[in-house]
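Worksheet: the structure to be examined is printed underneath.
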Amino acid sequence: MSELILGIESSCDETSAAIVEDGKIIKSNLIASQIKIHQKYGGVVPEIASRKHLEYIIPVIDKALKIAQTKGKDLSGIAVTYGPGLIGSLLVGLGVAKALSYAWGIPLVGVNHLEAHIYANFLENNNLKPPFICLVVSGGHTTLVYVQNYGSYKIIGETRDDAAGEIFDKIAKFLNLGYPGGPVIERLAQEGNPLALRFPQPLSRAKGYDFSFSGLKTAVIYYLKNKIISREQLPPLEDILASFQKAVIDTLVGKTIKAVNDFKTEYVVLAGGVSANQLLRKAISEKAKAQKIKAFFPSINLCTDNAAMVAAAGYYKLKNVGQSSLDLEAISRLKLGQEN
Amino acid sequence: MKILGIDTSTRISSLAIIENEEIVVELNINSNYKKTSSILVLAIQDLLKRVDWKLDELDGLAVSLGPGSFTGLRVGLGVVKGLSYATSLPVVGVNSLDVLAYSWKEAPFLICPLLECKKGELFYGVFKYLHGLEKIIDYKCESLDRLLMKISVLKEKILIIGERIENYRTQIEKELSQKVILIETSPYFPGGANVARLGLERLKKGEKDDIFTMIPFYLRKSQAEVVWEKRKES
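Residue numbers (our numbering), protein chains in the order written: chain A, 1 to 340; chain B, 341 to 574.
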């Protein structure tokens, strides 16, 4: 008999619920995005995000169940993100998930948000199997993970300061391009020359797999400020953004491919919001092809935060680890591989 | 009618089941010791187990909507929404200041409940209880100075109750010693039993809230919105 999992995700600014069958088939995947609400603040405001989650959560869950033509009592489990993320946001999804689990008498399983991003790849690719290297890259995370086996992870590199997606947002905010920064910078950069300017790529030659993007952000902002103050002619905005984007992508790809070589894996995988960036996908694909390894990334709608990936990760976690207790706590800085 | 009442507006999380007006079982937990978010659902399960009742044997869920701790309110309402969605039990929200005033309804004075807010402000209102709660001053979120100014013009004697009132005692007594009675003893938090009782009153009137649209009574905008609006004005 097939097993249906309800996934619930509320770690940042998307309220999402999904029904996934046997960890593979997406029956429904609803996302209520708050992007428009946070736009005028130039980034996610935690208190506002938490308030909106509580407004959206029941309608989103209800719709996910209806589209999947599923009743609560037919579920085999409820999977919910319990970290990492904004604590106030996490608590809304977790509270509702626990209440549903108790009232319906259905097992609860807490899922790590980063693990869920990795599972977005399993949802779509039957050929992908561990071990592999996965770059989880989003507005909140830049993490290189060695996926040894299902549920067995080793974090080999992380950003020491800003996440990659975060500096896209910050540069966009500085230039008044709106929020989120990723899509708008990518669009403008398409028209620009990525070799027009050379921005620093901190840590790109350093040992290990850690990232640092704060220096790059500062370099771009200082470059712009100096030009403006000295009233020099600025190169076209598109060139600046293309060069900036190239610096980010080169850094990400460089470290990721280095890890693939060092760990001798056959697959390289992208996950998280920034993996929707076409240039990043292309760069990883090309490098992978040259090295005769296979690259995987989720389809665009599974790159952003969504509950289908949470349900998929929850399905396997229920099978392999078992259910979570009803006193599960939200952990804002939850690490991958940290058991609950 | 059997009602579960939940109050998570202050650091004391309080739950109770009442049958008609009578308390059946009650539980208060200080969130400094155990986080409300982690224990709330277990506590509800435990409460029902103690009286051998099932969740769906209840007739309704009453929840305190605030004002109070933003996170606390969301945890309480989130859990109640989930319980109601799964069981179709009706939900009624009640105001936490109403509940606190209601718990002192026998007092022959005006009643001013206080709950702490951030930024040195207080949530309060002034009530009179005759045949029901009557509002003399509407719910506010203001500094103690403004509160004292507002109640100084009221003619009747006034009972001030609430969380950590000892922090405000000196100033209140200095400015209004003649007309106030300060209460530090329990009940100084709204409490699940009275949430359930006020909820029961609403249910009996045929009222209930919609879990698809229901939100807490925050009474205060987020700091980001306050700053944004100030900037827009100037």
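A virtual CB, placed ideally from N, CA and C, is assigned to each residue, including glycine.
Predicted model, so just to flag it, every value in this text is computed and none were measured.
Whose Cβ in chain A lies nearer than 7 Å to the Cβ of residue i?
{"i": "residue 566 (chain B)", "result": "By Cβ distance, chain A contributes nothing, its closest Cβ being about 11 Å from residue 566 (chain B), past 7 Å."}
{"i": "residue 375 (chain B)", "result": "329"}
{"i": "residue 411 (chain B)", "result": "88, 91"}
{"i": "residue 417 (chain B)", "result": "54"}
Under the DSSP definition of a beta bridge, which residues are partnered with residue i?
{"i": "residue 475 (chain B)", "result": "B:467"}
{"i": "residue 372 (chain A)", "result": "This structure does not reach residue 372 (chain A), given that chain A is present from 1 up to 340, and the question cannot be answered."}
{"i": "residue 32 (chain A)", "result": "A:15"}
{"i": "residue 153 (chain A)", "result": "A:147"}
{"i": "residue 83 (chain A)", "result": "A:112"}
{"i": "residue 211 (chain A)", "result": "A:159"}
{"i": "residue 347 (chain B)", "result": "B:354"}
{"i": "residue 452 (chain B)", "result": "B:500"}
{"i": "residue 142 (chain A)", "result": "A:137"}
{"i": "residue 370 (chain B)", "result": "B:352"}
{"i": "residue 404 (chain B)", "result": "B:434"}
{"i": "residue 315 (chain A)", "result": "Answer is none; residue 315 (chain A) lacks a bridge partner."}
{"i": "residue 533 (chain B)", "result": "Paired residue(s): none; residue 533 (chain B) is not in a bridge."}
Are the C-beta atoms of residue i and some chain B residue less than 7 Å apart?
{"i": "residue 340 (chain A)", "result": "Interpretation of residue 340 (chain A) is limited by its pLDDT of 48, a score under 50 that renders its predicted location unreliable; the figure taken from the coordinates is listed afterwards. So no, residue 340 (chain A) is outside the interface."}
{"i": "residue 365 (chain A)", "result": "Any question about residue 365 (chain A) goes unanswered here, given that chain A covers just 1 to 340."}
{"i": "residue 327 (chain A)", "result": "yes"}
{"i": "residue 341 (chain A)", "result": "Past the boundaries of the shown model lies residue 341 (chain A); chain A is included only from 1 to 340, so the question cannot be answered."}
{"i": "residue 179 (chain A)", "result": "no"}
{"i": "residue 337 (chain A)", "result": "no"}
{"i": "residue 99 (chain A)", "result": "yes"}
{"i": "residue 102 (chain A)", "result": "yes"}
{"i": "residue 220 (chain A)", "result": "no"}
{"i": "residue 95 (chain A)", "result": "yes"}
{"i": "residue 112 (chain A)", "result": "no"}
At least one CB of chain A closer than 7 Å to the CB of residue i: is that the case?
{"i": "residue 519 (chain B)", "result": "no"}
{"i": "residue 425 (chain B)", "result": "yes"}
{"i": "residue 540 (chain B)", "result": "no"}
{"i": "residue 408 (chain B)", "result": "no"}
{"i": "residue 502 (chain B)", "result": "no"}
{"i": "residue 381 (chain B)", "result": "yes"}
{"i": "residue 395 (chain B)", "result": "yes"}
{"i": "residue 378 (chain B)", "result": "yes"}
{"i": "residue 421 (chain B)", "result": "yes"}
Residue i versus chain B: which residues are under 7 Å apart at the beta carbon?
{"i": "residue 50 (chain A)", "result": "414"}
{"i": "residue 72 (chain A)", "result": "426"}
Along chain B, in chain order, which residues have C-beta atoms closer than 9 Å to that of residue i?
{"i": "residue 4 (chain A)", "result": "None at all; the shortest Cβ gap to chain B is about 15 Å."}
Tell me whether residue i is buried or exposed, calling it buried when 16 or more other Cβ atoms sit within 10 Å of its Cβ.
{"i": "residue 489 (chain B)", "result": "exposed"}
{"i": "residue 220 (chain A)", "result": "buried"}
{"i": "residue 471 (chain B)", "result": "exposed"}
{"i": "residue 195 (chain A)", "result": "exposed"}
{"i": "residue 259 (chain A)", "result": "buried"}
{"i": "residue 2 (chain A)", "result": "exposed"}
{"i": "residue 236 (chain A)", "result": "exposed"}
{"i": "residue 289 (chain A)", "result": "exposed"}
{"i": "residue 429 (chain B)", "result": "buried"}
{"i": "residue 159 (chain A)", "result": "buried"}
{"i": "residue 372 (chain B)", "result": "exposed"}
{"i": "residue 208 (chain A)", "result": "exposed"}
{"i": "residue 262 (chain A)", "result": "exposed"}
Mind pulling the chain A residues with CB within less than 8 Å of residue i?
{"i": "residue 511 (chain B)", "result": "Going along chain A, no residue has its Cβ under 8 Å from residue 511 (chain B), so there is no contact; the nearest lies around 29 Å."}
Run through chain A and tell me which residues come within less than 9 Å of residue i, C-beta to C-beta.
{"i": "residue 455 (chain B)", "result": "Those within 9 Å of residue 455 (chain B) in chain A number zero; the least Cβ separation is about 18 Å."}
{"i": "residue 574 (chain B)", "result": "Per Cβ cutoff of 9 Å: no residues; residue 574 (chain B) is ~16 Å from chain A at best."}
Residues of chain B with a CB under 8 Å from the CB of residue i: which are they?
{"i": "residue 341 (chain A)", "result": "This structure cannot settle anything about residue 341 (chain A), because the visible part of chain A is limited to 1 through 340."}
{"i": "residue 41 (chain A)", "result": "564, 568"}
{"i": "residue 47 (chain A)", "result": "410, 562, 563, 564"}
The ligand ZN and residue i: does the residue's C-beta get closer than 6 Å to at least one heavy atom of that ligand?
{"i": "residue 200 (chain A)", "result": "You won't find the ligand ZN in this model; it holds no ligand whatsoever."}
task: Decide if the stretch 397-415 of chain B is in contact with the stretch 343-361 of chain B; the criterion is three or more beta carbon pairs, one per stretch, under 8 Å apart.
output: Taking 8 Å as the limit for Cβ pairs, the verdict is that the stretch 343-361 of chain B does touch the stretch 397-415 of chain B.
query: With a cut-off of 8 Å, do at least 3 Cβ pairs link the stretch 377-388 of chain B to the stretch 308-321 of chain A?
result: Counting C-beta pairs with one atom in each stretch, the stretch 377-388 of chain B and the stretch 308-321 of chain A have fewer than three that are closer than 8 Å, which means they do not touch.
message: Taking 8 Å as the cut-off, does the stretch 88-106 of chain A touch the stretch 410-428 of chain B (at least 3 CB pairs, one atom from each stretch)?
response: Segments in contact, yes.
task: Would you be able to state if there are at least three C-beta pairs under 8 Å between the stretch 355-365 of chain B and the stretch 528-544 of chain B?
output: The way I'd put it, the stretch 528-544 of chain B does touch the stretch 355-365 of chain B; three or more beta-carbon pairs between them come closer than 8 Å.
- prompt: Does the stretch 441-455 of chain B come close enough to the stretch 115-128 of chain A to have 3 or more Cβ pairs within less than 8 Å?
  reply: Verdict: no, contact absent.
query: Does the stretch 512-529 of chain B come close enough to the stretch 459-476 of chain B that 3 or more CB-CB pairs lie under 8 Å?
result: Taking 8 Å as the limit for Cβ pairs, the verdict is that the stretch 512-529 of chain B does not touch the stretch 459-476 of chain B.
- prompt: Below 8 Å, can you find three or more Cβ-Cβ pairs linking the stretch 133-141 of chain A to the stretch 195-204 of chain A?
  reply: Verdict: no, contact absent.
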